[in-house]
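Notes follow once the structure below has been shown.
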Amino acid sequence: MSLPSTMKAVVFDGLYKISVQDRPVPQIRDERDIIIKVYAAGLCGSELHIYRGHQPSDTGFIMGHEFTGTVVQIGSAVKTINIGDKVVAPFTASCGNCFFCNNGCSARCVESQLFGCETLDGGQAEYVRIPMADGTAVKAPGTISDQALLLMADIFPTGFYGVKSAAELIPSQNIQDATLVVIGCGPVGLCAILAATHFKPRHLFAIDSVDNRLEQARKLGAEPLNFETDRAGLEARIKEVTEGRGADMVVEVVGQPPALRTAFDIVRPFGAISSIGVHNKEIPWTGDDAYTKNIRVQMGRCPVRSVFDEALKLLEQKQDQIG
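If you count by full-length UniProt numbering, then the sequence shown holds residues 1 to 323, one letter each, in order.
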C-alpha cells in the first residue's frame, strides 16, 4: 500500500512546549515491524511528568504511547497480523519470546521499547511504526467498543495489574475478606477501582482531594475519602472497619512521595502496597520503617502484553461503566 510521504505529529519540544509538525511517515525498518494508520490516541498522566519537567527527557520525538489503528504495512516476518487488521499496542513493545515475555514480565522484555520517547516515536501522529509486532500488537476483538479499546493500551491493564498484584502479595487472604484502598482517582485509579469491584473486597475505599474524581469513584462502588479536608477522619474510617489494624491492601496510583507515604501509613502490618504510580523521587520510608511494619511492596511498570487477555475479559464485562 502506498503511503503519503509526510504526516502531522505531536512533538515534544521541551518544558511545557509541544508542537504539531510535519514529519516523515514511518517506514518498515525491521522484518518484524508493522505500520498502522492511527485511529485514536490518548494522553497519559506519565507524559505530563515529562511535559512538566518532573522526569528529565530529550526533545524532538513524537509523543504518545496509547493508540489504536489499522495496519497498512507489514514486515516480511510478521505472522499474526495482517494488512487491514484493527489493532491496539501496549505502551511498551516486546518480543514475545524472551525469558521475561514467557514468564509474565513483558514490561522488562530484553528488547523492550517505550513508545513516545527519544528512542521510539509514539502514536500521537497519523501513522506509527510498531516494532516486534507479533509480540506487541493485539488484534481488536469484536466484543469491545473503540472507546474501550484505547484503554487497553495502558490504563485499564495498569489499574487491573495494580489490584491483581496487591491480592497476590497476600495469597493467604481471600480478597473478598479484605479492605482495599486505592490512592489516586485519576483515569488509572478509576480503572483500578473498576477492576477492584470485580474482585469484591469487603471494603473498598478511594482516596483523593478532587471532589468530582471522588464522586466518580463512588459511582463505581468505592467509599470516597478526602485526604485534604479530613486526613484524620480518613485514617479513622479505615481503622474502624478493620478493628484498628489498617488496610490489608493499598494500590498507589499517584507517583508522588506523599501518596506513597499515605499508603505506608494506612496499610496494616504484613499488608500489601502495590504501587503503579511513576515515581521520580526517593521512597518516603526507610528500610527500618519497612522492617518494623513487615510490609510487602510491589512497584513498577505494568506488563500490559502479559496481562492483556485477563484484563480484556474484565473490561468486556465492565465497559458499559466507562463514561
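C-beta atoms are modelled at their ideal positions from N, C-alpha and C, and glycine is treated no differently.
Keep in mind the model is a prediction, meaning the values are calculated, not measured.
Close beta carbons around residue i, own chain, < 6 Å, minus the five adjacent residues each side
| i | result |
| --- | --- |
| Arg-213 | Cys-185 |
| Thr-158 | Val-188, Ile-276 and Cys-302 |
| Tyr-291 | none |
| Gly-42 | Glu-66 and Leu-150 |
| Phe-100 | Arg-108 and Cys-109 |
| Glu-111 | Cys-95 |
Rounded Cβ spacing between residue i and residue j (contact assumed at less than 8 Å)
| i | j | result |
| --- | --- | --- |
| Lys-8 | Asp-22 | 7 Å |
| Asp-33 | Pro-131 | 6 Å |
| Leu-314 | Phe-160 | 6 Å |
| Gln-55 | Asn-280 | 5 Å |
| Ile-283 | Gln-147 | At roughly 36 Å, the Cβ-Cβ gap does not stay under 8 Å, so Ile-283 and Gln-147 are not in contact. |
Inter-residue spacing [alpha-carbon to alpha-carbon] between residue i and residue j
| i | j | result |
| --- | --- | --- |
| Lys-239 | Cys-191 | 25 Å |
| Thr-119 | Gly-255 | 24 Å |
| Val-78 | Ser-5 | 23 Å |
| Ala-232 | Ile-183 | 16 Å |
| Gln-113 | Trp-285 | 31 Å |
| Leu-149 | Cys-44 | 15 Å |
| Leu-3 | Thr-70 | 13 Å |
| Lys-200 | Gly-287 | 32 Å |
| Ala-259 | Thr-59 | 29 Å |
| Gln-173 | Ala-311 | 22 Å |
Cut-off 7 Å between Cβ atoms - residues of its own chain near residue i, not counting five sequence neighbours on either side
| i | result |
| --- | --- |
| Glu-316 | Thr-143 and Ile-144 |
| Gly-162 | Ala-192, Val-251, Val-253, Ser-274 and Ile-276 |
| Ile-50 | Phe-12 and Ser-57 |
| Ile-266 | Val-181, Glu-235, Ile-238, Gly-246, Ala-247 and Val-250 |
| Val-278 | Ser-46, His-49 and Gly-255 |
| Met-299 | Ser-275 |
| Pro-24 | Ser-5 and Thr-6 |
| Ala-196 | Val-163, Leu-180, Val-182 and Leu-204 |
Check whether residue i and residue j have beta carbons under 8 Å apart
| i | j | result |
| --- | --- | --- |
| Ile-155 | Ala-167 | no |
| Ile-273 | Val-241 | no |
| Ile-28 | Gly-104 | no |
| Phe-308 | Pro-90 | yes |
| Met-63 | Gly-135 | no |
| Ile-81 | Val-72 | no |
| Val-10 | Gln-124 | yes |
| Phe-67 | Ala-107 | no |
| Leu-225 | Leu-194 | no |
| Arg-202 | Thr-179 | yes |
| Arg-296 | Ile-170 | yes |
| residue 343 | Asp-289 | Any question about residue 343 goes unanswered here, given that the chain covers just 1 to 323. |
| Lys-139 | Asp-208 | no |
Spatial neighbours of residue i in its chain, beta-carbon cut-off 8 Å, leaving aside the 5 residues before and after
| i | result |
| --- | --- |
| Ser-19 | Val-10, Val-11 and Asp-13 |
Check your understanding: Quick one: complete beta strand (DSSP E) runs, 3+ long, within the segment 24–99?
Key -> 34–41, 67–74 and 86–89
Check your understanding: Curious, which full-length alpha helix (DSSP H) runs of at least 4 residues does the segment 146–194 contain?
Key -> 146–151 and 155–169
Exercise for review: Identify every run of the alpha helix (DSSP H) within the UniProt domain "Alcohol dehydrogenase-like C-terminal" (187–316), keeping only runs that are complete inside it and at least 4 residues long; order them along the chain.
Suggested key: 187–199, 211–220, 231–241, 257–266 and 287–293
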